[in-house]
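These notes concern the structure reproduced below.
Protein chains: 2
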Amino acid sequence: MSCKCYAALVPAGPLVPHTIERRAVGPDDVAIDIKYAGICHSDVHQAREEWGSAIFPMVPGHEIGGFVGDKVGVGCMVDSCRECQSCKEGDENYCATGAVMTYNGKYKYKHCQEYTEDGGKPTYGGYAQSIVVDKNYVCRIPDNLDLAGATPLLCAGITVYSPMAYNGLKAGQKLGVAGLGGLGAMAVMIGKAWGCEVTVLSRSEGKREEAMKELKADKFVVMSNDSDVEAAASSLDMIIDTIAAKHDIPTYLSFLRQNGKFVMVGVPAEPLDFHAFAIIPKRKTITGSLIGGIRETQEMLDFCGKHNIICPHELISGDKISESYDRVVKSDVKYRFVIDTSTF
Amino acid sequence: MSCKCYAALVPAGPLVPHTIERRAVGPDDVAIDIKYAGICHSDVHQAREEWGSAIFPMVPGHEIGGFVGDKVGVGCMVDSCRECQSCKEGDENYCATGAVMTYNGKYKYKHCQEYTEDGGKPTYGGYAQSIVVDKNYVCRIPDNLDLAGATPLLCAGITVYSPMAYNGLKAGQKLGVAGLGGLGAMAVMIGKAWGCEVTVLSRSEGKREEAMKELKADKFVVMSNDSDVEAAASSLDMIIDTIAAKHDIPTYLSFLRQNGKFVMVGVPAEPLDFHAFAIIPKRKTITGSLIGGIRETQEMLDFCGKHNIICPHELISGDKISESYDRVVKSDVKYRFVIDTSTF
Chain B
1 MSCKCYAALV PAGPLVPHTI ERRAVGPDDV AIDIKYAGIC HSDVHQAREE
51 WGSAIFPMVP GHEIGGFVGD KVGVGCMVDS CRECQSCKEG DENYCATGAV
101 MTYNGKYKYK HCQEYTEDGG KPTYGGYAQS IVVDKNYVCR IPDNLDLAGA
151 TPLLCAGITV YSPMAYNGLK AGQKLGVAGL GGLGAMAVMI GKAWGCEVTV
201 LSRSEGKREE AMKELKADKF VVMSNDSDVE AAASSLDMII DTIAAKHDIP
251 TYLSFLRQNG KFVMVGVPAE PLDFHAFAII PKRKTITGSL IGGIRETQEM
301 LDFCGKHNII CPHELISGDK ISESYDRVVK SDVKYRFVID TSTF
Chain W
1 MSCKCYAALV PAGPLVPHTI ERRAVGPDDV AIDIKYAGIC HSDVHQAREE
51 WGSAIFPMVP GHEIGGFVGD KVGVGCMVDS CRECQSCKEG DENYCATGAV
101 MTYNGKYKYK HCQEYTEDGG KPTYGGYAQS IVVDKNYVCR IPDNLDLAGA
151 TPLLCAGITV YSPMAYNGLK AGQKLGVAGL GGLGAMAVMI GKAWGCEVTV
201 LSRSEGKREE AMKELKADKF VVMSNDSDVE AAASSLDMII DTIAAKHDIP
251 TYLSFLRQNG KFVMVGVPAE PLDFHAFAII PKRKTITGSL IGGIRETQEM
301 LDFCGKHNII CPHELISGDK ISESYDRVVK SDVKYRFVID TSTF
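Heads up: the protein sequence lines correspond to chains B and W, in order.
Under my numbering, the first residue of the first sequence is numbered 1, with each subsequent residue one higher.
Under my numbering, the first residue of the second sequence is numbered 1, with each subsequent residue one higher.
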């Protein structure tokens, strides 16, 4: 089955109209009629080959919303080994031999019809009008959610939801959200629905109004404002850190109360430093989290359905993807670009 | 009540015979006939005023073993606010307004008879023949344990036991111990009694035999040996890091399996750095821990009683304290110096 898509034909090339072939629908597969695809910052990194050698042509997109009769979604993974302890426990995202990523990956496991002796055919993502995916890696999107707005939940939503669940965040606790891009916005909305008091930790005053009014955050701390920083000391139970640039970890740690947890989901290029005294005296924790498993992604979607949470977004046509990439890099988006694949 | 002790009369001065006055025994107090005091590396730091301004004359010692009829012990704290959430939950070590340390502290809370308007009288520690302590800060030492060998449990023991308990270490899991001084030795012995497979992570080959034969460790990794390091990759559930000097955190993190925890109890002077990629892909955790609460210290002593664990040590007389300090700095001790106070 051939389908229209947008692809980067060469590293750092523009995203241009292209056509790819999808595999025949096997007994465990579903063919998804894709309507929307979110643009994640990691799409930009990979299409521009900033994370090491990549596979071209590349069809990015791991926030996929479409139909198989019902509304469905696909996130960052389309396959995994299914045999390791992580896979068996539903943590396919931590598959011991590596999950097959939705694009810029290879179908490397024998159980897939696209497996080949030389390492498997490449995966192509969601900037396309269709995709064929093993049904075990597809989630249901609740009926009440707008499909375009629900699409970013498949990466931005699960990435912040999973560490809240795994690290035992409780209703009534105080949650900090560092950085207010797509992940940060989702963390604020999901945190509020979780029953937490949510404080946004932002590097600029400029986002205060949208954080408080649109996203319903409870407090707003500007990191460059000493009195803001002082007032927030030792007040938070958990911080979800979505910042992907170098930042001053010890100051963020100072916001945690005893036993507080600092969870990194953004990946700055540089190493980060901290002093042991920043964590020992109040038994603080620095930890990380990588997207989430399929079962947990479904749980997150159901949670968002119950609380009517979708990601605020800007809908764009295919011809605007390259331009949108530049805006993503400048953080000039509230909070996600979602591509309308009917424009391909 | 006056009592003989060893004290540093001036910063970085030698430890010399001295006499101090202990308070009258109040209704909540017990007077302990001290027999032994352990030498902790932090005694050296404080007597030499390496951790900022200190109180002199100073009588160090926060590993105290003696008698009040029964065998008893006192650790790092002799008082706390008793009103904050941490104190109420038995985490006096994390007292919100600060526990009163056993020496080089001040009796700053009104409920103590040594409280004064100008901030309280100073505390004097265990290098002495007696001490008067509120009974709520005194623990029972099990009858079957040798008192001299049990004395270091009051700091070195609880410091490694507490994070094992708090972080949910389970029998059958794989524990790494980084650094093999007093704390490291206790971590190996307690970890074995916990039912764990224990791997020592050491910077030198020299400690292999004592780790394996005397302390009964299961495995020994020399950090400078590439094949040792490679073989240990992704194998450990938890690492107790007792190293108080700068070290390469990412290499230690590489030993953790998915969801593994790296617990810092040693405090290097320098900041430590790591890359977010060292913790995110396998959801690893870096955390810290500071001694333990009184209830938990009792639990640890009972655990050690049940498993017949004492700290291997070298018994010294008072006149050898200053010389022993130099040997502590050179790590020339297996694994703790314990002072026999009958020699004062």
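Beta carbons are placed, not taken as given, at the ideal position from N, Cα and C, and that holds for glycine.
Tell me the DSSP secondary structure of lysine 219 of chain B in three-state form.
strand
By a C-beta neighbour count over all protein chains shown, 10 Å radius and 16 as the cutoff for buried, is lysine 284 of chain W buried or exposed?
buried
Flag this pair as yes or no: are the beta carbons of aspartate 241 of chain B and glutamine 173 of chain B separated by less than 7 Å?
no
Lysine 106 of chain B vs glycine 119 of chain B beta-carbon contact at 7 Å
yes
Own chain, CB closer than 7 Å to histidine 307 of chain B, minus 5 neighbours either side, in chain order:
Ala193
Let me see if you follow: with CB-CB separation under 7 Å, is serine 2 of chain B close to chain W or not?
no
Using a C-beta cutoff of 7 Å, does isoleucine 280 of chain W count as contacting chain B?
yes
Three-pair Cβ contact test at 8 Å for the stretch 140-157 of chain W versus the stretch 68-78 of chain W:
yes
At a Cβ threshold of 7 Å, is alanine 276 of chain B touching chain W?
yes
Nearest-angstrom Cβ-Cβ length linking leucine 256 of chain B and isoleucine 239 of chain B, presumed shorter than 8 Å
7 Å
Check each candidate in B:Cys84, B:Ile339, B:Thr159 and name the one with the smallest Cα separation from methionine 264 of chain B.
B:Thr159
At a CB-CB cut-off below 8 Å, which residues of chain W make contact with serine 289 of chain B?
Ile280, Arg283
Does DSSP classify serine 322 of chain B as helix, strand or coil?
helix
First and last residue of the uninterrupted alpha helix (DSSP H) at glutamine 85 of chain W
85-88
Return the residue from the list W:Ser317, W:Ser331, W:Arg295 that minimises the CA-CA distance to cysteine 87 of chain W.
W:Arg295
In the DSSP assignment, find the unbroken alpha helix (DSSP H) run with alanine 47 of chain B in it and report its ends.
41-47
How about the stretch 178-186 of chain W and the stretch 329-337 of chain W: do they share at least three Cβ pairs that are nearer than 8 Å?
yes
What residue range does the beta strand (DSSP E) around glutamine 258 of chain W cover?
256-264
Taking the beta carbon of valine 30 of chain B as the centre, do at least 16 other beta carbons fall within 10 Å, making it buried, or is it exposed?
buried
Output yes if chain W places a C-beta closer than 7 Å to the C-beta of aspartate 273 of chain B; else output no.
yes
Exposed or buried, what is valine 138 of chain B when buried is set at 16 or more other beta-carbons lying within 10 Å of its beta-carbon?
buried
Using a beta-carbon distance cut-off of less than 7 Å, what residues from the stretch 91-106 of chain B approach chain W?
Tyr94
Within this structure, are the beta carbons of glycine 293 of chain W and glutamate 63 of chain W separated by less than 7 Å?
no
Taking 7 Å as the threshold (beta carbon to beta carbon), is isoleucine 249 of chain B in contact with chain W?
no
Helix, strand or coil for lysine 156 of chain B? Go by DSSP, reduced to three states.
Sequence inspection shows alanine at residue 156 of chain B; the lysine mentioned does not correspond to that position. Helix at alanine 156 of chain B.
Quick one: residues in its chain with C-beta nearer than 6 Å to the C-beta of glutamine 46 of chain W, no 5 flanking neighbours on either side, listed in chain order?
Ala54, Asn104
Is it true that the CB of valine 328 of chain W sits closer than 7 Å to the CB of valine 44 of chain W?
yes
Given that a residue counts as buried once 16 or more other Cβ atoms are within 10 Å of its Cβ, and exposed if not, what is valine 198 of chain B?
buried
With a threshold of 16 other CB atoms inside 10 Å of the CB of glutamine 85 of chain W, please say whether the residue is buried or exposed.
exposed
From the DSSP output, in three-state form, read off cysteine 304 of chain W for me.
helix
With tyrosine 345 of chain B and cysteine 81 of chain B assumed to form a contact (beta carbons below 8 Å), what rounded beta-carbon distance in angstroms separates them?
Absent from the model: residue 345 of chain B. The displayed extent of chain B is 1 to 344, so no value can be given.
Express the C-alpha separation of serine 234 of chain B and lysine 219 of chain B in angstroms, rounding to a whole number.
15 Å
Use the C-beta contact count for glycine 195 of chain B: other C-beta atoms within 10 angstroms, 16 or more gives buried, fewer gives exposed.
exposed
Quick check: what's the CA-CA separation for cysteine 5 of chain B versus serine 342 of chain B?
10 Å
Pick from W:Gln258, W:Ser289, W:Cys311, W:Tyr127 that is closest to alanine 185 of chain W, judged by C-alpha positions:
W:Cys311
Tell me whether the beta-carbon of leucine 9 of chain W lies closer than 7 Å to the beta-carbon of proline 57 of chain W.
yes
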